[in-house]
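Notes follow the structure.
Protein chains in written order, with the working numbering: chain R, 1090 to 1413; chain F, 1090 to 1413; chain Y, 1090 to 1413; chain L, 1090 to 1413.
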């Protein structure tokens, strides 16, 4: 009765998903891993089957559900394979390398008539974001009017190029803003700082709210995500993500992690648990394929508008009933 | 292969342990519950067997390990029954109603020649306390000289009487102080505030460190546990236990819980996981029967000294090799 | 040798300036007050001469220097009168009701060949803003790339109309941003929230830095000004403006003032001290007439661009040597 | 009409008092300085008369009031000289080198029939302590039951010997505790950490409140004073004494000063202003000679009891009507 999960890709995130499945997830276990580097796969397999071909993992009888954590360009093809086999899949963000590909997945799911794809926008499972959303829902701050987001990486990965600050980093902000506000984005503007960084993105929603986001992928001092939701009667913001503070050598303070894994460890854990439960119960959880398409579509339109030095009027295809 | 766990007592803590077993613990499941009130037991059983006699639960073949969360006076007898059956047991603190009874359990375990008892001093699994201990171990603050503890309850439970602020609340501070410092307590003094509350307890350790603890079980504003460890080159303290902060109605701030369950939810989860792993691996985890005896012995000696208006020179029997 | 200062206008700010002169300023005293309401003037006079005609106060032999705190529309005329009499003047912001009027003051000062006007952009004397500027100057955060400003009033004054969120509130942000960064603003965009509030203003400077400012004049919960300066190697931000924090009724926190006077009390005190010293030493201090013109000019151009739904390319007349 | 103040002693504190008189105090000016080192005196004189004999300064016609900031052993003699001349005096703490000497000053003042001595327990003028006291007075936290004090110096001055952690540092805590609570101390116990440091002092008051104080004069990381007042319905505590916070090099935080001058700069300014006003109005302000005696008496009795390894039952002579 334990869900047999196969993990594709055993880089940083794939290894973390495998660890979560092995150590922290009730009702599921790591049944298989796939990586083009079989040594790396074996290192995280912990007794699970090892594949070099991810499609074989997807097809395997001993695999009930799939986690895709391979490079972004492979997401679309692999997610399609999962749909074809009728296997639930938790796909790391972005859902696909292009909006067209993401939309094709949405259409495939609609054709299938049921939701099998959960996109790994794990922030939806972060307890701090959860409290912020709850503050909106329970009226604690009045009707939202403005959302501030700050997204800072210590340094961009080496493989970051061109518009990836938008298509790889800012997509998180798009998804979490939609989820926090329960709104759709209509329009966006970007301003870049000296030498191209940081970016300030200003979006407006279908309810007239403003979403103002800093994206600074070379902020040097550490990995830091912050948000404040402003309502008509108050605001709610993340507190410092620290359990302890020290006094040492003339200063009081706490440390920043170097990347997102420590900051969102609990979110990843809860996301996996929600994925497993959603399979058990047949009820979708987390970000849908549609949500994945929307984040990618907005990021892509923004990147193009930015390159052309104009505002972006955001356009989305209508959402199918499956996602309502 | 999943550990079959029986939970005795289905009050606040027993129900929480049962929930953690059902929802959050990998490698184990809730196999049985016992309560003198079978209706209450059934409400948390979630399909598990229901007993009204806890000794029957302990004896049951379908139960591999036991969690004792029944009233304090029952702990000793039930823990003995577990030892007799050779079943690992996670016993809520205090280990027993009296020091003599706690010591008898230690002796029984020593006679048995192996450790089966883990005492539910869950703070050892709290991530904030963990960071504080780590700061000591990695030298971040230099050699410890002083530990400040603050223990505030919104209001004492109705059934609190007499010295229970010491024997029921302060025992947590004894255990966590020993664990944070890696020291044994030698001497203690108590001063009481106006009308008997709060208590300020000052202990000194075998390394000369001071442990200064406020115990205020009617602090009114909420449940609040705080600690600061002072070393020769710096200090480490708990940060505010809040994920978000709000601005509303002229104030900035965050809320306090009304009791300890939200504050230590993660600690309880990790404690259970450690218990299950310790059974799997045959390696003890958390507070031992010896630790349980020490906390109770110190609290009892303190209570007596306080009643007699004198300092307490703390006396412990020597620790058996089993606990070294 | 004590500087004889006359205060024009005895509303909230005029009364505060008078109090500061009477109680907190060394080397100066309150010599005269003027108000169209002589009763109100008398109430703050504390023995000083009372005028109903501000021009008479400016002309009075017993007045060495003037503070203008009367309604905005009177600033220009009264400042001109000070220049004509050769009397140093601390003029509340904005310097004048229109950019044209502010520019005329600049030109009059240039024609005079010396600086007599200090504009009451008191934030330049706020210790927190001072620390932020110092962090830029001493390299603590690397080269600035982005400045976040938040400007929240509990509620807009009744007399606020139309573009006053820009011309009366946002002018503070323009001035402090120029001072913090040592940069000039080149371009600006505004987005308004639902129903017109709050405003998010995004400016870029001549060094390519971004200045992102929230202006929310009906934020309900209190008066709250915040800023964070982001550099290439770190950031510096205001800490919570609170001396103490309370635990009460389930919450931890501190209060917000209802208006700006408590938040900037020390800044007002230091501003007056700097004004008096600048007169003593003949060395200008604080925001100049030129700075006053710039803030008003940018606000006015922004308001017009916002009304027309376009970006504002900011245009300023060249600064005279007097202000370099 | 400006009060002519003479400052005796031009070390760290004397120089700061002189600066405050020259730059920050309305209604008074620095009329004279005295120091056995005339060069050091001249360096802070700023045009004021320079004396090498402090008694000559006290006797000088051009001196209306005196500030004593010379070494502790001189305080008693110099304060007596001020009383003999009928000159108001702000005397740095401690009031005298011994309790007997402090009591002699009290008796001299009583014989004189009017209060001329203000003791420099400047914390009474610190805005944070002021808010804490106000929270008691306005009922915000209910009846006080416990006061936590923390007093940490980066390192003890070279000239600190023996009991000076009590007689020189802890005296501040005695005075501010009496002032915060409006209570008198009855009994005290001290426990020392490993190697003699830090000290934890537990006092109880005539209302039954507990005052628990850490004194750590070699805390290494910086100068840090903290207090929390616990009442029956809530608590009030000092917030972090920082105006800004930085993110840099993997950490978030703020700095600590190396000594007390930056932390209490505003308190020293307000204390001087209160002293000048009290002379103008003939109304005593701040800590009286009696308060100075009490702090010294308690510290001395504590030091003796500590040396003898016993509790201190604190004994004070009755307060004369002059101090009620």
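Ideal Cβ positions, reconstructed from N, Cα and C, are used throughout, including at glycine.
Residues of chain F with CB closer than 9 angstroms to the CB of residue 1230 of chain R, please, in chain order.
Within the first chain, the letter at position 141 stands for residue 1230 of chain R. Here the neighbours are 1335, 1336 and 1337.
Pick from L:1195, L:1268 and L:1257: whose alpha carbon is nearest that of residue 1226 of chain L?
On the fourth chain, residue 1226 of chain L is found 137 positions in, with the first residue counted as 1. When each option's Cα is compared against that of residue 1226 of chain L, the closest is L:1268.
Taking the alpha carbon of residue 1149 of chain L as the reference point, which residue from L:1096, L:1266, L:1135 and L:1399 has its own alpha carbon closest?
As a first step, residue 1149 of chain L must be located in the fourth chain, where it is residue number 60. Out of L:1096, L:1266, L:1135 and L:1399, L:1096 has the C-alpha closest to the C-alpha of residue 1149 of chain L.
Bridge partners for residue 1389 of chain R per DSSP, in chain order?
For this step, residue 1389 of chain R is matched to residue 300 along the first chain. For residue 1389 of chain R, which the question treats as bridged, DSSP gives no partner whatsoever.
Straight-line gap, residue 1125 of chain F to residue 1092 of chain F (C-alpha atoms, nearest Å)
Residue 1125 of chain F sits at position 36 when you count from the first residue of the second chain. Residue 1092 of chain F sits at position 3 when you count from the first residue of the second chain. Cα-Cα distance, rounded: 24 angstroms.
For residue 1215 of chain F, the three-state DSSP class (helix, strand or coil):
Taking the first residue of the second chain as 1, we reach residue 1215 of chain F at position 126. Three-state DSSP puts residue 1215 of chain F in coil, outside helix and strand.
Between the Cα of residue 1279 of chain Y and those of Y:1255, Y:1265, Y:1153 and Y:1266, spot the shortest distance and give me the residue it belongs to.
Here residue 1279 of chain Y corresponds to residue number 190 of the third chain, with the count starting at 1. Comparing Cα positions, the closest option is Y:1255.
Using a beta-carbon distance below 8 angstroms, is residue 1310 of chain F in contact with chain Y?
Looking up residue 1310 of chain F in the second chain gives position 221. Yes, because at least one Cβ of chain Y sits closer than 8 angstroms to the Cβ of residue 1310 of chain F.
I think residue 1221 of chain Y touches residue 1325 of chain Y, with their Cβ atoms under 8 angstroms apart; what is that distance to the nearest whole Å?
Position 132 of the third chain, counting from 1, holds the residue named residue 1221 of chain Y. Position 236 of the third chain, counting from 1, holds the residue named residue 1325 of chain Y. At roughly 5 angstroms, the Cβ-Cβ gap stays under 8 angstroms, so residue 1221 of chain Y and residue 1325 of chain Y are in contact.
9 angstroms Cβ cut-off: residues of chain Y touching residue 1343 of chain L
Within the fourth chain, numbered from 1, the residue matching residue 1343 of chain L stands at position 254. Those are 1328, listed as they occur along chain Y.
Starting from residue 1302 of chain Y, find everything on chain F with Cβ-Cβ shorter than 7 angstroms and list it in chain order.
The residue given as residue 1302 of chain Y occupies position 213 in the third chain. Simply none; closest approach about 18 angstroms.
Chain-ordered chain L contacts of residue 1313 of chain R [CB-CB under 9 angstroms]
Taking the first residue of the first chain as 1, we reach residue 1313 of chain R at position 224. Within chain L, the residues near residue 1313 of chain R are 1336 and 1341.
Reference residue 1201 of chain R, options R:1406, R:1183, R:1298 and R:1378, closest by Cα
Within the first chain, the letter at position 112 stands for residue 1201 of chain R. Selected option, being the one with the closest Cα: R:1378.
For the alpha helix (DSSP H) holding residue 1360 of chain R, just list the boundary residues, first then last.
Within the first chain, numbered from 1, the residue matching residue 1360 of chain R stands at position 271. Residue 1360 of chain R -> alpha helix (DSSP H) spans 1354-1370.
Give every residue of the same chain whose Cβ lies closer than 6 angstroms to the Cβ of residue 1389 of chain F, excluding the five residues on either side of it in the sequence, and list them in chain order.
Within the second chain, residue 1389 of chain F is the residue found at index 300, counting from 1. These residues qualify, in order along the chain: 1188.
Quick one: what's residue 1299 of chain R bridged to in DSSP?
As a first step, residue 1299 of chain R is located in the first chain; it is residue number 210 there, counting from the start. Answer is R:1235 and R:1293, bridged to residue 1299 of chain R.
In chain Y, what lies closer than 8 angstroms to residue 1305 of chain R by C-beta?
The residue you call residue 1305 of chain R lines up with position 216 of the first chain. Under the 8 angstroms cutoff, chain Y gives 1234, 1235 and 1319.
Let me know the secondary structure DSSP gives residue 1166 of chain L once reduced to three states.
Within the fourth chain, numbered from 1, the residue matching residue 1166 of chain L stands at position 77. Helix at residue 1166 of chain L.
DSSP beta-bridge partners of residue 1261 of chain F:
Counting from one through the second chain, the residue named residue 1261 of chain F turns up at place 172. Looking at the DSSP assignment, residue 1261 of chain F forms no beta bridge with any residue, so it has no partner.
In chain L, what lies closer than 8 angstroms to residue 1283 of chain F by C-beta?
Sequence index remark: in the second chain, residue 1283 of chain F carries index 194 (1-based). Ordered by position in chain L, the residues that pass the 8 angstroms Cβ test against residue 1283 of chain F are 1232, 1234, 1296, 1297 and 1298.
Rounded to the nearest angstrom, how far is the Cβ of residue 1286 of chain L from that of residue 1259 of chain L, given a contact under 8 angstroms?
Here residue 1286 of chain L refers to the residue found at position 197 when the fourth chain is read from its first residue. Here residue 1259 of chain L refers to the residue found at position 170 when the fourth chain is read from its first residue. Actually they do not touch by this definition, with Cβ atoms about 13 angstroms apart.
Identify whether residue 1140 of chain F lies in helix, strand or coil by the three-state DSSP scheme.
Position 51 of the second chain, counted from the start, is the residue given in the question as residue 1140 of chain F. Strand at residue 1140 of chain F.
Does the Cβ-Cβ distance between residue 1243 of chain R and residue 1309 of chain R come in under 8 angstroms?
Translated into the one-based positions of the first chain, residue 1243 of chain R becomes position 154. Translated into the one-based positions of the first chain, residue 1309 of chain R becomes position 220. Result yes, Cβ atoms of residue 1243 of chain R and residue 1309 of chain R sit closer than 8 angstroms.
Residue 1340 of chain Y in three-state terms, based on DSSP:
Counting from 1 along the third chain, the entry for residue 1340 of chain Y is found at position 251. If DSSP states are grouped into helix, strand and coil, residue 1340 of chain Y belongs with the strands.
How big is the Cα-Cα spacing for residue 1210 of chain L and residue 1182 of chain L?
Mapped onto the fourth chain, residue 1210 of chain L falls at position 121. Mapped onto the fourth chain, residue 1182 of chain L falls at position 93. For residue 1210 of chain L and residue 1182 of chain L, the distance between alpha carbons rounds to 6 angstroms.
For residue 1247 of chain L, the nearest candidate out of L:1363, L:1206, L:1307 and L:1303 (CA to CA)
One-based indexing of the fourth chain puts residue 1247 of chain L at position 158. If we check each option's Cα against that of residue 1247 of chain L, L:1307 comes out closest.
Report yes or no: is there a C-beta of chain F within less than 8 angstroms of the C-beta of residue 1107 of chain R?
In the first chain, residue 1107 of chain R corresponds to position 18, counting from 1. No - not a single Cβ of chain F is within 8 angstroms of the one on residue 1107 of chain R.
Per DSSP, what kind of secondary structure is residue 1320 of chain Y in: helix, strand or coil?
Counting from 1 along the third chain, the entry for residue 1320 of chain Y is found at position 231. Strand.
When the Cα of residue 1346 of chain L is compared with those of L:1332, L:1359, L:1146 and L:1109, which residue comes out closest?
The residue given as residue 1346 of chain L occupies position 257 in the fourth chain. Minimum Cα distance to residue 1346 of chain L is reached at L:1332.
Quick one: grab the DSSP three-state call for residue 1308 of chain R.
Residue numbering aside, residue 1308 of chain R sits at position 219 when the first chain is read from its first letter. Here residue 1308 of chain R sits in coil by DSSP.
Near residue 1291 of chain R, which residues of its chain fall below 6 angstroms by C-beta distance, leaving aside the five closest residues on each side in sequence?
By one-based count along the first chain, residue 1291 of chain R stands at place 202. Excluding residues within five positions, the ones whose Cβ falls inside 6 angstroms are 1278 and 1301.
Could you tell me which chain F residues have their CB closer than 8 angstroms to the CB of residue 1221 of chain R, listed as they occur along the chain?
Stepping through the first chain from its first residue, residue 1221 of chain R is reached at position 132. 1333, listed in chain order.
Assuming contact is defined by CB atoms lying nearer than 8 angstroms, are residue 1393 of chain F and residue 1375 of chain F in contact in what I supplied?
To locate residue 1393 of chain F, count along the second chain from 1; it is residue 304. To locate residue 1375 of chain F, count along the second chain from 1; it is residue 286. No.
Since residue 1370 of chain R and residue 1112 of chain F are thought to touch, with beta carbons under 8 angstroms apart, how far apart are those beta carbons, to the nearest angstrom?
Sequence index remark: in the first chain, residue 1370 of chain R carries index 281 (1-based). Sequence index remark: in the second chain, residue 1112 of chain F carries index 23 (1-based). Not quite, the Cβ-Cβ distance comes to about 13 angstroms (not below 8 angstroms), so this is no contact.
Give me the subset of the stretch 1120-1147 of chain Y whose CB atoms are less than 9 angstroms from a CB atom of chain L, sorted by chain position.
none
Count the other C-beta atoms from every protein chain shown that fall within 10 angstroms of the C-beta of residue 1398 of chain Y, then say buried if there are 16 or more, exposed otherwise.
Here residue 1398 of chain Y refers to the residue found at position 309 of the third chain. It is exposed - the Cβ of residue 1398 of chain Y has fewer than 16 other Cβ atoms within 10 Å.
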